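Each residue of the sequence shown is one higher than the one before, starting from 1 at the first, in the UniProt record's numbering. First the structure, in the form of structure tokens, and then the observations on it.
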Amino acid sequence: MRLDRRINRRRALTVGTLGVGAAGVAAAGLAGCDEGRRGDARLSEFGGPVDAATLALLRTARTCRPSRQLTQGPYWFDVDRLRSDIRENRPGTTLQLALRVVDGAGCQSRPVPDAVVEVWHCDATGRYSGFDVPARPAPPNPPPGWPNRLGAELPAGDPTADPMGYATRTSDGSYSSGDAEAQPGDETTYLRGAQVADRAGVVRFTTIYPGWYVGRAPHLHTKVYLDRRTVLSTQLFLDDAVSDRVYAAPPYRRRDARNVRNATDALFDASGLLTLRRFGDAYLGAVNLGVDLLDVPPGASGSASHAKYPRGVQ
């Protein structure tokens with residue numbers, strides 16, 4: 001489904017993790033992962049007990065804290081698709097995401113309905129859709145002009161596909177216009193999609209637990225759009241102990257061990273660490289995405305300017 005309005009890129013502001021209570025977050029080993037009970041419902045679709053679990057996480061959100069904006073990375077392109085299930089045919093451990101957009105000004109955590117939230121990440125083998133090669137991290141100091149540097153402009157010259165996925169054109173889709181984007185090498189779109197926040201500011205996705213690639217800790221990318229502007233571009237991270245458990249089984253189990261953990265990842269920010277709860281063979285991950293509405297121009301926030309967007313799970 002496509003939106004009929006366009007949303008431009010803007011600076012990111014704040015992000016805060018959710019907790020299951022201070023004691024749970026501080027617990028050694030799983031650092032925010034609640035294993036749940038054997039009797040808990042399995043996560044297949046959002047509904048019933050799953051919604052209750054999601055709301056419990058969101059209600060116990062810790063106070064938000066500022067987070068630096070993180071690069072969108074070299075593999076973003078405007079997939080221009082509203083959908084909650086972004087797996088397509090990719091195998092892997094089910095990961096349900098509950099992301100809530102809140103007004104981070106003064107950490108009051110008021111929900112921001114009708115924001116468009118986009119998510120993308122690599123598959124179990126470390127590949128991003130659109131680029132049929134194992135992913136590699138962007139260089140730590142990309143050359144001036146490359147748009148994976150925050151705030152950079154497009155380099156001069158004709159756009160051409162780049163095997164590393166560096167941005168070579170600008171987006172022109174339903175919810176993103178004018179953002180520097182990569183030129184994909186194929187038409188695959190797995191593990192990419194967007195949703196419109198409901199009245200509580202919540203979006204929900206069904207995906208797989210992301211894999212890893214050399215040079216980066218496991219992570220997911222996300223953007224938040226408000227009224228034709230990107231107000232947040234950041235990355236979400238997963239607890240190392242949980243990743244160890246997931247990666248011990250197919251299709252993640254491989255000979256090469258991941259060489260970067262959260263503590264040694266150059267972009268890791270604890271405020272983007274997902275709070276995880278295990279349900280059978282699946283996980284529920286939750287996080288607050290805080291945007292400072294005081295820094296957003298008039299007309300770029302509030303449900304009135306987004307009333308024509310379809311809310312909820314698409």
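Beta carbons: idealized from backbone N, C-alpha and C, even for Gly. Please read all numbers here as calculations on a predicted model, not as lab measurements.
{"Check": "Whole-angstrom C-beta distance between phenylalanine 237 and leucine 274, which should lie under 8 Å", "Outcome": "7 Å"}
{"Check": "Proximity to serine 177 [Cα-Cα], best of Thr234, Asp80, Leu99 and Thr54", "Outcome": "Asp80"}
{"Check": "Supposed close pair arginine 245, glutamine 96 - CB separation, criterion 8 Å", "Outcome": "Actually they are not in contact, since the Cβ atoms of arginine 245 and glutamine 96 sit about 17 Å apart, beyond 8 Å."}
{"Check": "Classification of glutamate 187 by the beta-carbon crowding that lies within 10 angstroms, buried from 16 upward", "Outcome": "exposed"}
{"Check": "Glycine 280 in three-state terms, based on DSSP", "Outcome": "coil"}
{"Check": "Environment of valine 196 [buried if 16+ CB atoms lie within 10 Å]", "Outcome": "buried"}
{"Check": "Which listed residue (Gln235, Ser233, Tyr252 and Phe77) has its alpha carbon closest to that of valine 242", "Outcome": "Tyr252"}
{"Check": "Classification of valine 287 by the beta-carbon crowding that lies within 10 angstroms, buried from 16 upward", "Outcome": "buried"}
{"Check": "Start-to-end residues for the alpha helix (DSSP H) that takes in aspartate 132", "Outcome": "From DSSP, aspartate 132 is part of no alpha helix (DSSP H); its letter is neither H nor E."}
{"Check": "Anticipated Cβ contact below 8 Å, arginine 192 with serine 129, distance rounded", "Outcome": "6 Å"}
{"Check": "DSSP-derived helix/strand/coil call for glycine 272", "Outcome": "helix"}
{"Check": "Beta carbon of valine 224 nearer than 8 Å to that of valine 102", "Outcome": "no"}
{"Check": "Residues near aspartate 240 by beta carbon distance below 7 Å, same chain, minus five either side", "Outcome": "Arg261 and Asn262"}
{"Check": "Residues near cysteine 122 by beta carbon distance below 6 Å, same chain, minus five either side", "Outcome": "Tyr128, Ala135, Pro210 and Gly211"}
{"Check": "Proline 74 classed as buried or exposed, judged by whether at least 16 other C-beta atoms fall within 10 angstroms", "Outcome": "buried"}
{"Check": "Where threonine 264 falls, given that 16 or more other Cβ within 10 Å makes a residue buried", "Outcome": "exposed"}
{"Check": "Contacts around aspartate 172, its chain only, beta-carbon distance under 6 Å, and the 5 residues preceding and following it disregarded", "Outcome": "none"}
{"Check": "Aspartate 227 classed as buried or exposed, judged by whether at least 16 other C-beta atoms fall within 10 angstroms", "Outcome": "buried"}
{"Check": "Rounded separation between valine 291 and alanine 124 - CA only", "Outcome": "31 Å"}
{"Check": "First through last residue of the beta strand (DSSP E) which encompasses serine 177", "Outcome": "177-182"}
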